[in-house]
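Have a look at the structure below, then the notes.
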Amino acid sequence: MKRKITATFLACMILIACVVPVYGTNTKAEIGSFSDVPEGYWAYDAIKWMLDNSIVEGAGDGRFLPERGVTRDEYAKMMVLTLNLKPINPERASFLDVKKGGWQYKYVETAKPYLTGFRTASGDYFHPSQAAVREDMAVALVKALGFDKETPDVGLLSQFTDASSISPNLQKYVAIAVKHELMQGYDKDGKRVFEPDKGLDRASAAQLLYNAFKGNEEKITYEEDKITYDDTSDNLNEEDNDNDSEHESSTVRVSIIDGKAKVEWEKISDSDFNGYKVVISRNDSTPVYPDNGYFQYITDRDTVSAIVRAGDCYNGGDIGGTLQSGVEYYFSITVLYNNEKVAGNVVKARLP
0 MKRKITATFL ACMILIACVV PVYGTNTKAE IGSFSDVPEG YWAYDAIKWM
50 LDNSIVEGAG DGRFLPERGV TRDEYAKMMV LTLNLKPINP ERASFLDVKK
100 GGWQYKYVET AKPYLTGFRT ASGDYFHPSQ AAVREDMAVA LVKALGFDKE
150 TPDVGLLSQF TDASSISPNL QKYVAIAVKH ELMQGYDKDG KRVFEPDKGL
200 DRASAAQLLY NAFKGNEEKI TYEEDKITYD DTSDNLNEED NDNDSEHESS
250 TVRVSIIDGK AKVEWEKISD SDFNGYKVVI SRNDSTPVYP DNGYFQYITD
300 RDTVSAIVRA GDCYNGGDIG GTLQSGVEYY FSITVLYNNE KVAGNVVKAR
350 LP
């Protein structure tokens, strides 16, 4: 059961471009207060939209720093905040250069399904201080929107004279991003290019995502292969769950408390457990991940509840980006195991 995922979800993706914690302030900024973003600046409308929606803040010194680059570890934190992911803090690190105890550790581990890494004979590296680049953005957008299940038409990349410089493992993501007009190339020196390795600065990333919202394995780097990761682990496949599952489902219940919905479910103790997906649908009476997207992805087996409010962002499905007050929704929990996904019962409730 494939569901069309609308581009409205990009409203929740804008944080990817601009929330850089080391520059944040607690005061909502007005675009006119920035000396480096005057009216007429090429990304003025995009930055203004994000300021108006309290999505981004300035540097705290009267500047926005539109040309400041975004590093890969900052990008990881932005993904976690944008997608409303519950941070995880596993005992074993996924990357040799992101150590447990560092500020970026939990963000990199949590955002891993949406990021790229570098595989070597000695293990995986993340290169946290390197710049986040355009092909990284393509991976994040395509996977967050659920388009990664599509069959890509890599022939779309032939329009770019630098197509061969796109990481082979990431070409399908770039092709899908181009197909859905999430990203485009541009003319440079009389040629059409994509520039997959071009670093993202705050202004260009903001404009890229703003335009998309309004409109709708093997790269060698220092003898390393650039790869992507799936939703939970390298062992998780994409098989649909069925009624003959060898694993247990989790029973869900929903209660309305103080103007919000509290979703609770049974704890799973199975050793193959990988996580819970809180799944909500407006029209499908049997919602399941990944067909219907998800509200939260929780990898701590002891966390068995989630609070849902009107205005919260939702990833994919038929929600349309954000949950609405006064609407009846179907709630369920899909449990992720090493080799399958198992959906539980469904509860229908109206969101206050």
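Each residue of the sequence shown is one higher than the one before, starting from 0 at the first, in numbering that gives the first Met the number 0. Glycine residues also receive a C-beta, built at the ideal position from the N, C-alpha and C atoms. Here the structure is a predicted model, which means the values were calculated and not measured.
The Cβ-Cβ distance between residue 146 and residue 165 does not fall below 8 angstroms.
Only residues of its own chain outside the window of five on either side were considered, and among them 95 have a CB closer than 6 angstroms to the CB of residue 122, listed in chain order. Taking 8 angstroms as the cut-off, the Cβ atoms of residue 346 and residue 251 count as close. Per the C-alpha coordinates, the member of 126, 306, 304 positioned closest to residue 72 is 126. With three or more CB-CB distances shorter than 8 angstroms, the stretch 179-197 counts as touching the stretch 132-140.
Collapsing the DSSP output to three states places residue 326 in coil. Taking C-beta atoms as the reference points, residue 317 and residue 280 count as a pair closer than 8 angstroms. Counting of Cβ neighbours within 10 angstroms places residue 88 among the exposed residues, the total staying below 16. Following the DSSP letters along the chain, one finds residue 172 inside the alpha helix (DSSP H) bounded by residues 170-178. The beta-bridge partner set that DSSP reports for residue 306 consists of 261. For residue 141, the enclosing alpha helix (DSSP H) begins and ends at 133-144. DSSP, read as helix, strand or coil, puts residue 341 in strand.
Ranked by Cα distance from residue 78, the options 64, 107, 307 are led by 107. For residue 251, the pairing in a beta bridge is given by DSSP as 264. Residue pairing by DSSP puts residue 191 in a beta bridge opposite 186. It is roughly 34 angstroms from the alpha-carbon of residue 167 to the alpha-carbon of residue 286. Between the beta-carbon of residue 85 and that of residue 297 there is about 5 angstroms, and that keeps the pair under the 8 angstroms contact cut. CA-to-CA, the gap between residue 306 and residue 294 works out to about 10 angstroms.
Boundaries around residue 110 are those of the alpha helix (DSSP H), 104-110, since no beta strand (DSSP E) includes it.
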